[in-house]
Ligand code: PEP
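Residue numbers (the working numbering): 31 to 288.
This is the structure we're talking about:
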């Protein structure tokens, strides 16, 4: 059975003391569960201090981005070996905000993903259509292209470290959420795409998270959908109580499906 994963994307929020106090509250509130994994993704300068806080707990650490080269003259960038050296083993790649504001296309994301996987990182690869694409009925094709372009060539052994996050762009930070049915339908389609690329066993094993305005009030309904293996949480991950309530929803739905 696949684990549920709940990952908090803190984006470009919080001062260091705020990030530390959020990390402390999450680490204190999450004692672990065999079927649920919890991750937090602070911004780069806070990775090391947050790592020290969460290390004794089962809370894992993710970066929000990484470069495609190991080292070099890339002012302002952070590489996978740098992240590894501060104890980070998960990275979010392809978030729609990176695609939209920083011009990250599938070619760049393919290089970033390959580099991260080559260094043993776990990659949370984000995909999702925007509102216009959904209205035009192109959402399946858009997501299929994003998955195939970036994950099409990776080795079977590397798939074990791939997590896909379906995040409809129109639902991120907007308060609009995909209906549980829309999420279930896209998650099933993503698994079909992975089956075509890498075979049925890998498709059955790959975790597919939902992201987009997940809150304590809607988390259980979304997580209970077949094929939804947890969530990538933005706004609600900045409040420990809300984030921990979402984590509890993951535990409850994981327990029910056992
Ligand atoms: C995100 O940015 O990955 C996200 C899902 O944000 P929010 O939960 O705020 O919609």
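Yeah, the Cβ is synthetic: ideal placement off N, Cα and C, and Gly gets one too.
Residue 248: member of the alpha helix (DSSP H) spanning 246–253, first to last residue.
In the structure shown, the three-state DSSP call for residue 44 is coil. Considering only 114, 150, 163 and 166, the residue with the shortest C-alpha distance to residue 184 is 150. Taking the C-beta atoms as reference points, residue 155 is found nearer than 8 Å to residue 195. For residue 73, the shortest separation between its Cβ and any heavy atom of the ligand PEP does not lie below 7 Å.
Assigned with DSSP and collapsed to three states, residue 217 falls in helix. Taking residue 112 as the centre and dropping the five residues before and after it, the same chain places no C-beta closer than 6 Å to its C-beta. Per DSSP, reduced to three states, the secondary structure at residue 157 is strand.
Residue 144 holds the alpha-carbon nearest to the alpha-carbon of residue 180 among 269, 193 and 144. With contacts defined by Cβ atoms closer than 8 Å, residue 264 and residue 199 do not form a contacting pair. Taken through DSSP and simplified to helix, strand or coil, residue 35 comes out as strand.
Shortest gap from the CB of residue 39 to any heavy atom of the ligand PEP: under 7 Å. Residue 202 places its beta carbon less than 8 Å from that of residue 241. For residue 193, the closest of 209, 167, 232 and 281 by C-alpha to C-alpha distance is 232. Around the beta carbon of residue 239, 16 or more other beta carbons sit within 10 angstroms, so the residue counts as buried. Distance between residue 89 and residue 50, taken at the CA atoms: about 13 Å.
The C-beta distance from residue 69 to residue 120 rounds to 6 Å, short enough to meet the 8 Å contact threshold. The residues 173, 177, 194, 196 and 238, in chain order, have a CB closer than 7 Å to that of residue 220 in the same chain once the five nearest residues on each side in sequence are set aside. Apart from the 5 residues on each side of it in sequence, residue 270 sits with its Cβ closer than 8 Å to the Cβ of 52, 55, 56 and 59 in its chain, given in chain order. Distances from the CB of residue 138 to the heavy atoms of the ligand PEP are all 7 Å or more. Distance from residue 33 to residue 67 at the Cβ level is roughly 5 Å; contact confirmed, criterion being Cβ atoms closer than 8 Å. C-alpha of residue 191 to C-alpha of residue 223: approximately 17 Å in a straight line. Contact between residue 41 and residue 96 does not hold, since their C-beta atoms are separated by about 16 Å, which reaches or exceeds 8 Å.
The beta carbons of residue 87 and residue 100 sit no closer together than 8 Å. Residues of the same chain with a CB within less than 6 Å of the CB of residue 189, apart from the 5 flanking positions on each side, are 228 and 232 in chain order.
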